[in-house]
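Numbered continuously in my numbering, the sequence shown closes out at residue 129.
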Amino acid sequence: MKYLKQLMIILMAYFLGVILQSVFNLPIPGTVIGLIILFLGLSFGIVKMEMIEDICDVLISHMSFLFVPAGVGLITSLDILKSNAISFSVIILISTVVVWVVTAYVVKMLRRVVSR
């Protein structure tokens, strides 16, 4: 029963994000808005980590299984991927470099803060 209660908290944030996206016709997906709502709830103490910790552990332990539908979706769209392979490769390369640079910058800033 505790898992169901914890899952309901996460799903409420998700559904609230989907509803907000639909009502206000926002360009951001409702799932992302739901994640932002959950993040803000955790940041401001509205949602305590203990309230969702157990279900998060369960979901993380099964994360690889949750990627199966996305992988199957990619396989069914293989012809689209082949026709745009160069574009996708360039985008992946650029985004990887951007993630590396941002990560390095964040680590550098955190080291400065911690060393003080």
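Every residue, glycine too, gets a C-beta built ideally from N, C-alpha and C.
Here's the rule: buried if 16 or more other CB atoms are within 10 angstroms of the residue's CB, otherwise exposed. What is residue i?
i	result
residue 46	buried
residue 60	buried
residue 26	buried
Quick check on DSSP: helix, strand or coil for residue i?
i	result
residue 41	coil
residue 61	coil
residue 14	coil
residue 90	coil
residue 125	helix
residue 80	coil
To the nearest whole angstrom, what separates the beta carbons of residue i and residue j, a pair I think is in contact under 8 Å?
i	j	result
residue 91	residue 101	12 Å between Cβ atoms; not a contact.
residue 62	residue 55	7 Å
If we call anything under 9 Å between Cβ atoms a contact, is residue i one with residue j?
i	j	result
residue 65	residue 23	yes
residue 16	residue 68	yes
*Given 8 Å, three or more beta-carbon pairs between the segment 15-32 and the segment 47-56*: yes
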